[in-house]
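Down below is the structure, laid out as structure tokens.
Numbering (our numbering), first residue to last: 1 to 338.
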């Protein structure tokens with residue numbers, strides 16, 4: 001059976017809904033799956049605003065209408081409720097009363113999702129959803145026309161393609177193998193079949209494509225951070241080893257960044273003073289070279305020049321982009337001396 005509902009199918013759905021039939025019963029009658037019928041109804045149900053509802057009784061959709069004591073809010077001379085005790089028999093007050101609170105029906109949030117079979121429908125003043133076969137068919141035709149722009153194929157031909165391709169795709173076969181096996185029947189390129197599936201013109205869904213399900217969408221890489229390689233001149237790990245050989249028991253500070261889970265804001269700068277086994281932590285909003293420099297500027301402002309030089313004579317760090325401005329840490333901004 002082809003994918004698309006006909007106007008006759010939709011008329012049957014509307015009539016069966018009106019009779020209060022379950023989705024299981026409707027699915028059996030039309031030879032479709034329950035999920036297909038349910039999707040058709042939910043996708044094409046029509047919302048009717050309370051102002052457009054025609055009932056045999058009041059059009060008052062206020063949640064408080066049964067206990068309302070207010071009268072004369074609509075200011076209409078012809079209103080029959082002006083001289084009455086309250087406005088509950090009139091809907092004109094809904095647009096003027098500051099106490100108005102619209103009552104929302106919760107029944108269409110669960111099956112059957114429409115009010116076609118509701119016994120209260122003729123006298124219910126609330127906004128509602130209904131399934132209308134004619135409007136559903138028109139909406140379907142509009143969507144089909146829009147989705148088929150740029151595709152020169154008739155409805156009959158599309159149904160024929162659907163009957164060949166969709167069952168095999170839903171069994172896990174690939175478009176490549178289907179096109180290879182049915183090349184004399186389909187007379188279509190793989191690209192065209194992919195286009196039909198992705199546009200929703202066939203029964204098979206994009207999720208039925210093996211590679212689509214197995215592979216997650218690739219994430220775009222973030223902006224690349226350019227690093228000036230000259231910043232590593234004369235401060236490589238080999239230079240550090242030479243420094244240790246030339247200096248007896250130097251005061252070395254190990255510097256590193258502690259980064260949380262991906263997406264979390266903020267990062268911690270860690271400083272380990274080897275000689276006294278003291279670990280210092282500093283919070284930074286961003287993991288940048290500037291944020292590291294700002295922390296050392298703050299430390300320099302709290303210490304004398306001799307204390308600063310003694311504590312941070314030698315700093316060992318990795319090649320993270322936040323450590324690519326060593327000169328800013330070494331130089332005293334006030335004097336320009338290292």
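All C-beta atoms, glycine included, are put in the ideal place defined by N, C-alpha and C.
Check residue 24 in the structure and name its three-state DSSP category.
In the structure shown, residue 24 sits in a helix (DSSP, three-state: H, G or I).
Beta-carbon gap between residue 287 and residue 322 smaller than 8 Å
Taking C-beta atoms as the reference points, residue 287 and residue 322 count as a pair closer than 8 Å.
According to DSSP, residue 279 sits in a beta bridge with which residue or residues?
In the DSSP output, where bridge partners are listed per residue, residue 279 has 272.
Measure the alpha-carbon distance for residue 320 versus residue 207 and round it to whole angstroms.
For residue 320 and residue 207, the distance between alpha carbons rounds to 41 Å.
Which stretch, first to last residue, makes up the alpha helix (DSSP H) that contains residue 309?
That run of the alpha helix (DSSP H) goes 305–311.
May I ask which residues mark the beginning and end of the alpha helix (DSSP H) holding residue 241?
Run containing residue 241: 237–246, per the alpha helix (DSSP H) assignment.
Where residue 258 sits in the DSSP three-state scheme
When secondary structure is reduced to three states using DSSP, residue 258 falls in the strand class.
Could you tell me which of 278, 260 and 317 sits nearest to residue 236, measuring between CA atoms?
Measuring from the Cα of residue 236, the nearest candidate turns out to be 317.
Could you give the residue range of the beta strand (DSSP E) that holds residue 129?
Residues 128–130.
Give me, in chain order, the residues of the same chain whose beta-carbon lies closer than 6 Å to that of residue 254; leave out the 5 immediate sequence neighbours on both sides.
If the five residues before and after residue 254 are omitted, its C-beta is found closer than 6 Å to the C-beta atoms of 272 and 316, all from its own chain and listed in chain order.
Burial state of residue 129 (16 or more Cβ within 10 Å):
When all chains shown are included, residue 129 counts as buried.
Close beta carbons around residue 312, own chain, < 7 Å, minus the five adjacent residues each side:
If we look at residue 312 and ignore the five residues flanking it on each side, its Cβ neighbours are 253.
Determine the direct distance from the alpha carbon of residue 186 to that of residue 341, and round the result to whole angstroms.
Because the chain is modelled from 1 through 338, residue 341 falls outside the range shown and cannot be assessed.
Got a sec: is the Cβ-Cβ distance from residue 241 to anything in chain C below 8 Å?
The structure shown contains no chain C; it is built from a single protein chain.
Endpoints, beta strand (DSSP E) assigned at residue 314:
From DSSP, the beta strand (DSSP E) with residue 314 extends over 314–316.
Residue 70 - containing beta strand (DSSP E), residue span
Segment: none, residue 70 is in no beta strand (DSSP E) and carries neither H nor E.
Am I right that residue 282 and residue 329 are in contact with their C-beta atoms under 8 Å? What's the rounded C-beta distance?
Contact between residue 282 and residue 329 does not hold, since their C-beta atoms are separated by about 13 Å, which reaches or exceeds 8 Å.
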